[in-house]
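Asker: Structure provided below as structure tokens; questions to follow.
See the structure below:
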């Protein structure tokens, strides 16, 4: 019981605090390090296959999580969507999206390991991130597949995980509901929380600056030299390097 | 009418000897860091040639610049906003390192470290990308001076096009070949397609001087600008993951110094100065239907600073009076708009480039004198322009979107200037019919000659300083206290060059400015981490650290090897 409270009552808030605080901190401190760190210059062929599959798959996965976690079961039932129909849909669409995401990241990791220059440009930060990200995807797929094979009697996460997720936002975490979910969901959620905790400190931050404003801004940008005086702060020691190591020989 | 000022450059291609000094000094000042090994803000291409990166002018492949859609509206050739966003995850049209070249260094250490043996140790080339042994097979100017032209000359997109359209015009046979050099920097366009392609909005045009810059803090590395720029003058720093481009040496220009490439140009072929233009008319001018009209429409956008109406509007819109003065004295305005001998590079990309070129004429003179004609007689010169060694069609594809008449017009002006000036230098009666034949008065022809042949430093570079009252608010000035003095001033951030904050270049600029204002020694004396810093070098004396320190000659002793070296005081100004 105490573990349940710790894991499902306290940890989510710790994760949120780190995620929000860390992102703000990074945004203020490290604008220069805030980039996709693209490796397309080194290798393009595999990237052009793997990256869109991964990213579009991931977008679908995110949409699926939104549907499953945020929209209460009573609403979909109200609109005449039966539980079976929802379940089938979630499995089909979710399964395809999950497999795409996993396939994409497998291609990307293969590329990263096998292409010399790309591997050289991979930091240990990246490696840790890849492990956590892949684990989250694999475990997520596992929860999906598990419910496929258990068929009718599969676990209905919309009665356990989803209410807990929503209860977090009204600051009254429904620990009991989450505790009732099976182990596969527990572990997926925990790894997911770990992923969001390290998020601000990895290259994943690029997702937070997805350039949607591009659709609305004017094409030509004029900017005055003296618009934003005194914006630059000196660099201070923060965390492990985001960039790759510089070649040292030309430094003294 | 919205009057804006634009720093511009003109390069006189007749004077370019292809020495690459501009490229080297530019690289030394700006891109000698890890991640920018392959980056050449300034490069010199031999034409015909593939250019850098290879075949960048083939916009059917690279999708740079603008085009008109079916409704006649200006759209990015690379696709609209939605298409760009959907292509974000793996940019569909993107040059790879192999389109540039794989940068390398040499394993110099073995020369010293190699164990005693029968063979001489060799410094093997090592790739700077993989760190492994590499075979050098391409570089930034592999086809320099037509190297490999018989095999690869046809890969020049313009050669391809001209050959398609006119049989046999371009030959690479030894006796019929031609070449000239084309130095290229960022065009600092009035209608930049890189800027329009940037999803983050990190690329901006400075209101004061029109210099196009990448905000390194805002750039997120989406790489669309690299596709968008038809000149491929935006590069991806593969260590920092950010786009970088030619800065028009803005820290130098702000204090009235010419860009490093101009300062160090051996042929003195570069001119710097201001254009005034009407910002409201740019988009319409870039959207004229016929590509051959783009040159004229670009000229129409440029405003005459001597026109009282323009001057009044300029002052009214906050352009300082001394800038207006500089615009009146601007050599680039004179060459582009008054004498009309400078042409924009590839106007058909519809970006309104602001680096202009005087097309090359020289080979014609050699040709004529070889054939026994009086090479500088105006009649002979005019007649021979169509038979130029450098086909007019080739130049037209570069500078006038294929319109050969405009190129011929410019070449006739240059030829007329030679013929007219020859009479003067030979102390003969100059023939006023020569300038008249190209629509110029004898007076303006003489003025043009002066500007192109003997203009001094301050006539070639008319650069108004950034206003100090504005400079106090300079974006990066607030940090100067944090960086003031001390060896830490130019230290790296703790994580190496690729993280934290870059040393704001305005800090260096600030010191250069202070130095120039308060001392009578040349600016830039302070050492920068053991490196030579050309950024603050004002052309007086030689930059610190460029040569080893001069040792005192030991008297009456045998000369040591050090003494046998040439003198180290490189006085150049």
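Residue numbers (my numbering), protein chains in the order written: chain A, 1 to 252; chain B, 1001 to 1573.
Every residue gets a Cβ at the ideal spot worked out from N, C-alpha and C, and that includes glycine.
Quantities reported herein were computed from a predicted structural model and do not represent experimental measurements.
1. Residues of chain A with CB closer than 8 Å to the CB of residue 1089 of chain B, please, in chain order.
2. Pull up the CB-CB distance for residue 1011 of chain B and residue 1190 of chain B, whole angstroms please, since I reckon it's below 8 Å.
3. Taking the alpha carbon of residue 1245 of chain B as the point to measure from, which residue in B:1426, B:1027, B:1409 has its own alpha carbon closest?
4. Going straight from the alpha carbon of residue 1350 of chain B to that of residue 1254 of chain B, what length do you get?
5. Please list, in chain order, all residues of the same chain as residue 1599 of chain B whose beta carbon is under 7 Å from its beta carbon, the five residues on each side excluded.
6. Please compile the residues from chain B whose C-beta is within a distance smaller than 7 Å of the C-beta of residue 222 of chain A.
7. Could you tell me whether the stretch 1088–1095 of chain B touches the stretch 1220–1230 of chain B, using the rule of 3 or more Cβ pairs below 8 Å?
8. Who are the near neighbours of residue 1395 of chain B in its chain, counting only those whose CB is closer than 7 Å to its CB and skipping five residues on each side?
9. Is it right to say residue 1430 of chain B is buried, meaning 16 or more other beta carbons lie within 10 angstroms of its own, or is it exposed?
10. Look at residue 978 of chain B and residue 1025 of chain B and say whether their C-beta atoms are less than 9 Å apart.
11. What does the alpha-carbon distance come out to for the pair residue 1257 of chain B and residue 1033 of chain B?
12. Pull out every residue of the stretch 1220–1236 of chain B whose Cβ sits closer than 7 Å to any Cβ of chain A, in chain order.
13. Please list, in chain order, the chain A residues whose beta carbon lies closer than 9 Å to that of residue 1158 of chain B.
14. Go through its chain and collect everything with a Cβ distance to residue 1261 of chain B's Cβ below 6 Å, but skip five positions before and after it.
15. Taking the DSSP output, what are the residues bridged to residue 1066 of chain B?
16. Taking all protein chains shown into account, decide if residue 75 of chain A is buried (16 or more other Cβ within 10 angstroms of its Cβ) or exposed.
17. Report the residues of the stretch 194–210 of chain A with a CB closer than 9 Å to any CB of chain B, ordered along the chain.
18. At a Cβ threshold of 9 Å, is residue 1092 of chain B touching chain A?
19. Measure the CB-CB distance between residue 1013 of chain B and residue 1181 of chain B and report whether it falls below 9 Å.
20. Is there a C-beta anywhere in chain A that falls below 9 Å from the one on residue 1499 of chain B?
21. Determine, using beta carbons only, whether residue 48 of chain A comes closer than 9 Å to chain B.
22. Can you check whether the C-beta of residue 253 of chain A is within less than 9 Å of a C-beta belonging to chain B?
23. Taking Cβ to Cβ, would you say residue 1334 of chain B is nearer than 9 Å to residue 1382 of chain B?
24. Which chain A residues sit within Cβ distance under 7 Å of residue 1217 of chain B?
25. Per the contact definition of three or more C-beta pairs closer than 8 Å, is the stretch 1314–1334 of chain B in contact with the stretch 1139–1156 of chain B?
26. Would you mind giving the Cβ-Cβ distance between residue 1052 of chain B and residue 1045 of chain B, rounded to the nearest angstrom? I have them listed as a contact below 8 Å.
27. Just by C-beta distance, which residues in the stretch 106–136 of chain A are closer than 8 Å to chain B?
28. Below 7 Å between beta carbons is the criterion; list the residues of the stretch 33–44 of chain A that meet it against any residue of chain B, in chain order.
29. For residue 1095 of chain B, which three-state DSSP category applies?
30. Please check if any C-beta of chain A sits within less than 9 Å of the C-beta of residue 1007 of chain B.
31. Report the CB separation of residue 1048 of chain B from residue 1179 of chain B in whole angstroms; it is logged as a contact under 8 Å.
32. Tell me the rounded alpha-carbon separation between residue 1453 of chain B and residue 1116 of chain B.
33. Listed in chain order, which residues of the stretch 1235–1256 of chain B have Cβ atoms closer than 7 Å to some Cβ of chain A?
34. Tell me, please, whether the stretch 39–50 of chain A touches the stretch 104–117 of chain A by the rule of three or more beta-carbon pairs shorter than 8 Å.
35. Residue 1234 of chain B by DSSP, collapsed to three states: which one?
36. Tell me whether residue 1061 of chain B sits in a helix, a strand or coil according to DSSP, three-state version.
Answerer: The structure says:
1. Numbered from 1 along the second chain, position 89 holds the residue referred to as residue 1089 of chain B. In chain order: 51, 52, 54, 55, 56.
2. Counting from 1 along the second chain, the entry for residue 1011 of chain B is found at position 11. Counting from 1 along the second chain, the entry for residue 1190 of chain B is found at position 190. That belief does not hold up - the Cβ atoms of residue 1011 of chain B and residue 1190 of chain B are roughly 18 Å apart, past 8 Å.
3. Along the second chain, one-based indexing puts residue 1245 of chain B at 245. Ranked by Cα distance from residue 1245 of chain B, the options B:1426, B:1027, B:1409 are led by B:1027.
4. Against the second chain, residue 1350 of chain B aligns to sequence position 350. Against the second chain, residue 1254 of chain B aligns to sequence position 254. Distance between the alpha carbons of residue 1350 of chain B and residue 1254 of chain B: 28 Å.
5. Chain B is shown only over 1001 to 1573; residue 1599 of chain B falls outside these bounds and no answer can be derived.
6. For this step, residue 222 of chain A is matched to residue 222 along the first chain. Per Cβ cutoff of 7 Å: 1204, 1205, 1207.
7. Segments in contact, yes.
8. Within the second chain, the letter at position 395 stands for residue 1395 of chain B. Cβ within range, chain order: 1359, 1407.
9. If you number the second chain from 1, residue 1430 of chain B lands on position 430. Per the 10 Å Cβ criterion, buried.
10. Examination of residue 978 of chain B is not possible in this model, given that chain B is present from 1001 through 1573 alone.
11. Locating residue 1257 of chain B in the second chain gives position 257, counting from the first residue. Locating residue 1033 of chain B in the second chain gives position 33, counting from the first residue. Going from the Cα of residue 1257 of chain B to the Cα of residue 1033 of chain B covers about 23 Å.
12. 1220, 1221, 1222, 1223, 1236
13. Counting from 1 along the second chain, the entry for residue 1158 of chain B is found at position 158. The premise fails here: residue 1158 of chain B is roughly 26 Å from chain A at the closest Cβ pair, so nothing lies under 9 Å.
14. Your numbering for residue 1261 of chain B matches position 261 in the second chain. Answer for residue 1261 of chain B: 1022, 1026, 1042, listed in chain order.
15. In the second chain, the residue the question calls residue 1066 of chain B occupies position 66. B:1076, per the DSSP bridge assignment.
16. Within the first chain, numbered from 1, the residue matching residue 75 of chain A stands at position 75. Label assigned to residue 75 of chain A: exposed.
17. 203, 206, 209, 210
18. For the purposes of this step, residue 1092 of chain B is taken as the residue at position 92 of the second chain. Taking Cβ atoms only, chain A reaches closer than 9 Å to residue 1092 of chain B, which makes this a yes.
19. Translated into positions along the second chain, residue 1013 of chain B becomes position 13. Translated into positions along the second chain, residue 1181 of chain B becomes position 181. Yes.
20. What you label residue 1499 of chain B is simply residue 499 of the second chain in a count that begins at 1. For residue 1499 of chain B, the predicted model reports a pLDDT of 45, less than 50, meaning its position is unreliable and no value from the coordinates is stated.
21. The sequence position of residue 48 of chain A within the first chain is 48, counting from 1. Cβ-Cβ to chain B under 9 Å: yes for residue 48 of chain A.
22. Residue 253 of chain A falls outside the range modelled here, since chain A spans only 1 to 252, and no answer is possible.
23. Translated into positions along the second chain, residue 1334 of chain B becomes position 334. Translated into positions along the second chain, residue 1382 of chain B becomes position 382. No. Outside cutoff.
24. Locating residue 1217 of chain B in the second chain gives position 217, where the first residue counts as 1. Under the 7 Å cutoff, chain A gives 31, 32.
25. no
26. On the second chain, position 52 is the one that residue 1052 of chain B refers to. On the second chain, position 45 is the one that residue 1045 of chain B refers to. Contact flag correct, Cβ pair sits at about 6 Å.
27. 116, 117, 120, 121
28. 33, 34, 35, 36, 37, 38, 40, 41, 42, 44
29. Your numbering for residue 1095 of chain B matches position 95 in the second chain. Residue 1095 of chain B: coil per DSSP, three-state reduction.
30. In the second chain, residue 1007 of chain B corresponds to position 7, counting from 1. False, the Cβ-Cβ gap to chain A never drops below 9 Å.
31. Position 48 of the second chain, counted from the start, is the residue given in the question as residue 1048 of chain B. Position 179 of the second chain, counted from the start, is the residue given in the question as residue 1179 of chain B. Right, the Cβ-Cβ distance comes to about 7 Å (below 8 Å), so this counts as a contact.
32. Indexing the second chain from 1 puts residue 1453 of chain B at position 453. Indexing the second chain from 1 puts residue 1116 of chain B at position 116. Answer to the nearest angstrom: the Cα atoms are 58 Å apart.
33. 1236, 1238, 1239, 1240, 1241, 1242
34. yes
35. Taking the first residue of the second chain as 1, we reach residue 1234 of chain B at position 234. In this structure, residue 1234 of chain B counts as strand in the three-state DSSP scheme.
36. In the second chain, residue 1061 of chain B corresponds to position 61, counting from 1. Here residue 1061 of chain B sits in helix by DSSP.
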